[in-house]
Amino acid sequence: MLAFFATLVLLLILFLLNNQHILRSSWLAVSASTSIVTLSLSLLLLTALPFFIGRRFDHFDWFSFIYLAAASYALHFAFRSFYILANPSAIMGSLRYWETFSKALLYTSLGFTSLLLGYYLPLAPKIANALPPLPFKWPAVPNLFKILLLYVLGFLGRWLNSLQILPPSFSYYPIALSKLTTYALILIAIYAFVYSPLQRWFRLALLLALPLQILYALVWGNGKFELILPILILLMCQHYLNRPLRPRHLILAILFILLIIFPVIGVFRNLPPSDFITRSTQTLDYLSTLSPSDYLNLALNFVMIRSHLLDSFAVIIYSFPANYLGIADYLLIPAYAFVPRFIWPSKPIQLGSKFAQNYFDVAGPTSFAISTPADLYQHGGLFAVIIGLYLFGLFYRFAHSYFIKQSATFKSPQRLPHLFFYFIFFINFYLIFETELTTGIIELLKQLLFATLIAIYLKTWFIKPALPTSGTRLPSQ
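The sequence shown: position 269 = 269 (the working numbering), numbered continuously.
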């Protein structure tokens, strides 16, 4: 069945690539709103396909990349199209060419279909099964002090970054140091779910770290993700280290994020600058005055204003091929990631700002979300979207097969590093999905390097078991 579906889709893709005049024909503009609705519904059906396959042929693993990808494409492209049809003034920038939105939806649907093929064809699991497991075994009794040290260093990095005293060329270093809080939070949460003599202390450390996440989100301006992060980590730990997550728990978490975190952070950040207590009080006062319907409208608007990747893709399509970028940036990703600035003084500082500057005349380091298919398109047209998203589907399936499926039968000392790396992959999904690929992949490569160093750090320093107090010797192992 899957092979038959894959063959039909590949034939359709090859036909469209060979007859691109069809994609430029006037049928898209005959009834703009009708074509947008039709294409949006078609994309929704495509994004529902992974859930059907998971229910029909496999046990649901809610934290497989494919479910997050399907939900993301549905929100940012299909649901966004319905929103802008109802609220044309919400379109990012001044673009009003509905034909271009239709093309963006069509190209996204073709790209997502290619992503499904890369994910479900058996190549990725075969590659994952052919590779040996990670060469790390962590202690069953970890050193809490060592993990807390990571958190303290990360907190120091966040504090230094909040001072904004370093020039832009050096701002990356406190930002990179601040990532240690994320790594430490993942480790604390993992060991809070794994039985050991120190489990209760890790649970206490987790409770103490949660208020700090609110501090990062509200006081230091890191936004919604800092509040969503601990929810995501706790759900993943529950799912992989305790018992599989039930759908109702996942739904409750999603509703909490959409109906509580988005409105609270949205209102808080839009208030005039003042001290933390004043802004918090004003936020609660404002939200308390809203009727239920007004509150739901506010939450919907904050979610949909944030989900504007369809608009970005439409803008890029409208300007193509004048904005064609080629693949030079992709080839330079390893150099961007690891060549120090003192060796390469002209290395770009804000790659993610190019889109905002080129399309919306935004000065400074402000970045606009662009999306994976849109970035692929401006680097190589529709062909790049098809091939690139196929490779991403392959990559997502490989990561899940290698870090989750392969390690399912491992004991904790060998399984926990696999989970740690998978958490980092999963957390970085949205960075790669929303930003231009160059920036997203650079950040992922750097974080994987840091994660490897942390895995070695935990492997080589642990709490040694107490020696026997009697004169008897331990039996041979």
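Using N, Cα and C, we set each Cβ at its ideal position, and we do this for glycine too.
Inter-residue CB distance, residue i and residue j (contact presumed, cutoff 8 Å)
| i | j | result |
| --- | --- | --- |
| residue 397 | residue 125 | 7 Å |
| residue 429 | residue 65 | 6 Å |
| residue 373 | residue 389 | 6 Å |
| residue 236 | residue 423 | 6 Å |
| residue 70 | residue 47 | 4 Å |
| residue 336 | residue 347 | 7 Å |
| residue 305 | residue 90 | 7 Å |
| residue 384 | residue 417 | About 34 Å; that fails the 8 Å criterion. |
| residue 406 | residue 129 | 7 Å |
| residue 261 | residue 224 | 6 Å |
| residue 233 | residue 277 | Not really, about 28 Å apart at Cβ, beyond 8 Å. |
| residue 483 | residue 438 | This structure does not reach residue 483, given that the chain is present from 1 up to 477, and the question cannot be answered. |
| residue 136 | residue 411 | Incorrect: roughly 13 Å between the Cβ atoms, too far for contact. |
| residue 227 | residue 238 | The pair is not a contact, with the Cβ atoms about 18 Å apart (cut-off 8 Å). |
| residue 105 | residue 40 | 6 Å |
| residue 386 | residue 111 | 6 Å |
| residue 100 | residue 318 | 5 Å |
| residue 282 | residue 290 | Contact doesn't hold; Cβ gap of about 14 Å is too wide. |
| residue 436 | residue 355 | 6 Å |
| residue 263 | residue 299 | 5 Å |
| residue 43 | residue 393 | That belief does not hold up - the Cβ atoms of residue 43 and residue 393 are roughly 16 Å apart, past 8 Å. |
| residue 80 | residue 310 | 4 Å |
Proximity winner among the options, relative to residue i (alpha-carbon distances)
| i | options | result |
| --- | --- | --- |
| residue 219 | 268, 177, 296 | 268 |
| residue 303 | 259, 436, 324 | 259 |
| residue 162 | 134, 348, 177, 257 | 177 |
| residue 453 | 127, 331, 381, 183 | 183 |
| residue 77 | 456, 36, 338, 415 | 36 |
| residue 447 | 432, 459, 274 | 432 |
| residue 312 | 298, 371, 343, 342 | 371 |
| residue 409 | 265, 146, 240, 450 | 240 |
| residue 155 | 105, 106, 318, 212 | 212 |
| residue 494 | 39, 52, 73 | Past the boundaries of the shown model lies residue 494; the chain is included only from 1 to 477, so the question cannot be answered. |
| residue 301 | 39, 43, 75 | 75 |
| residue 181 | 425, 151, 243, 54 | 151 |
| residue 189 | 231, 216, 45 | 231 |
| residue 414 | 45, 132, 114, 82 | 132 |
| residue 149 | 214, 92, 179 | 179 |
| residue 320 | 286, 338, 380, 263 | 380 |
| residue 279 | 314, 215, 254 | 215 |
| residue 157 | 147, 173, 256 | 173 |
| residue 242 | 210, 254, 192 | 192 |
| residue 62 | 451, 254, 286 | 254 |
| residue 266 | 56, 287, 457 | 287 |
| residue 338 | 445, 127, 275 | 445 |
| residue 145 | 98, 201, 113 | 201 |
CB contact check: residue i to chain C, cutoff 8 Å
| i | result |
| --- | --- |
| residue 413 | The displayed structure is made up of one protein chain only, and chain C is not part of it. |
Inset, instruction - Enumerate, from N- to C-terminal direction, the unbroken alpha helix (DSSP H) stretches of 4 or more residues contained entirely within the region 234-310. - result: 247-256, 262-270, 276-288, 292-306
Legend entry - At least three beta-carbon pairs within less than 8 Å, the region 396-410 to the region 102-122: At 8 Å Cβ cutoff, the stretches touch.
Inset, instruction - Report yes or no: do three or more beta-carbon pairs, one from the region 130-142 and one from the region 196-205, lie closer than 8 Å? - result: The region 130-142 vs the region 196-205: in contact.
Inset, instruction - Would you mind listing the alpha helix (DSSP H) stretches within the region 109-135 that are 4+ residues and don't spill past its ends, in chain order? - result: 123-130
Inset, instruction - Mind the definition here: the region 315-329 touches the region 370-385 only if three or more C-beta pairs lie below 8 Å; say whether that holds. - result: yes
Inset, instruction - Please determine if the region 246-253 and the region 197-212 are in contact, where contact requires at least 3 C-beta pairs separated by less than 8 Å. - result: no
Legend entry - Stretch pair the region 279-295 + the region 401-410: three plus CB contacts closer than 8 Å: With a cut-off of 8 Å, the region 401-410 and the region 279-295 do not count as touching, because too few Cβ pairs lie within range.
Legend entry - 4-residue-minimum alpha helix (DSSP H) runs that sit fully inside the region 318-357, ordered along the chain: 328-331, 333-338
Legend entry - Ranges of the alpha helix (DSSP H) found wholly within the region 140-185, counting only runs of at least 4: 144-163
Inset, instruction - Scan the region 364-448 and note each continuous alpha helix (DSSP H) run of 4 residues or more that stays entirely inside, going in chain order. - result: 372-400, 412-427, 429-434
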